[in-house]
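Chains as they are written, first to last, in this note's numbering: chain C, -18 to 94; chain R, 39 to 153.
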């Protein structure tokens, strides 16, 4: 069974204080690992897809990295508007065309001005 | 690009009634749509996967007769919660994939409250 564990559950940062969120996963054949941002009462917003170990992707203050067992979402000099819940999800090579995602519980990030 | 809409954004209904939620991909053709449920402080739980023109595939523990899914076109899928009960109150979110097959783009969600 595919599993995704995110840590920490919650993280409070001062504005400008860089940190990293962790996503550990076990999956029978990784097709892709996804990061999403979810604001309260909203649907998840797509951030990144990573496909193979060693891959990195960046978007503004966010940088996602991937190893064979985990992914990190690095946040550099965060701003209050970066406050949200960040979700990690894996997509396994299961069944032709299924493309199902297994989500972690998320990390709730709060950036204090 | 890759915009997904949901309607309604929230709904309150009486126990025993049925509620229909629409999910539309606005700027791409969605060959596959997914329906999720999210309880407070929990992650998204996949309910079912639907491919255009085919019957939906339901996850274990999800009642097919209670949660009716129709994916009649490449831009529209509907979820009908039949004979809703208070325990069905939740945040229902759809996603769609098609333009970039591996990536799912999510709708804004529908909050359902059953009294």
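Where is the CB? At the ideal position from N, CA and C, for every residue including glycine.
These numbers were taken from a predicted model, which means no experiment stands behind them.
Ranked by Cα distance from residue -17 (chain C), the first of C:-5, C:10, C:-8, C:-6 is C:10.
With distances taken between CA atoms, residue 91 (chain R) lies nearest to R:68 out of R:101, R:146, R:74, R:68.
Here residue 119 (chain R) is not near residue 42 (chain R), since their CB atoms are 8 Å or more apart. A direct Cα-to-Cα measurement between residue -2 (chain C) and residue -9 (chain C) gives close to 15 Å. Taking a C-beta distance under 8 Å as the contact criterion, residue 27 (chain C) and residue 70 (chain R) do not qualify as a contact pair. Within chain C, no residue has its beta carbon less than 8 Å from that of residue 78 (chain R); the closest one is some 10 Å off. Taking CB atoms only, residue 131 (chain R) has a neighbour in chain C less than 8 Å away. With a cutoff of 8 Å on beta-carbon distance, residue 69 (chain C) and residue -13 (chain C) are scored as near each other. Taking the Cα positions, residue 112 (chain R) is about 35 Å away from residue 49 (chain C).
For residue 40 (chain C), not one C-beta of chain R is nearer than 8 Å to its own C-beta.
Straight through space, the alpha carbons of residue 61 (chain R) and residue 46 (chain R) are spaced by roughly 9 Å.
The residue among C:32, C:59, C:91, C:8 with its C-alpha nearest the C-alpha of residue 84 (chain C) is C:8.
Looking at the DSSP output, residue 128 (chain R) sits in a beta bridge with R:150. Any Cβ of chain C closer than 8 Å to the Cβ of residue 113 (chain R) would place that residue at the interface, and such an atom is absent. Within chain R, no C-beta atom comes nearer than 7 Å to that of residue 14 (chain C); the closest sits roughly 11 Å away. Membership of residue 13 (chain C) in the beta strand (DSSP E) is indicated by the continuous run 11 to 19.
Within the stretch -15 to 16 of chain C, those residues whose Cβ lies closer than 8 Å to any Cβ of chain R are, in chain order, 12, 13, 15.
Going by C-alpha positions, residue 21 (chain C) is about 30 Å away from residue 103 (chain R). An exposed status is given to residue 121 (chain R), since fewer than 16 other beta-carbon atoms sit within 10 Å of its beta-carbon. With a threshold of 8 Å between beta carbons, residue 91 (chain R) makes no contact with chain C. Cβ neighbours of residue 123 (chain R) within its own chain (closer than 7 Å, five residues either side excluded): 53, 152.
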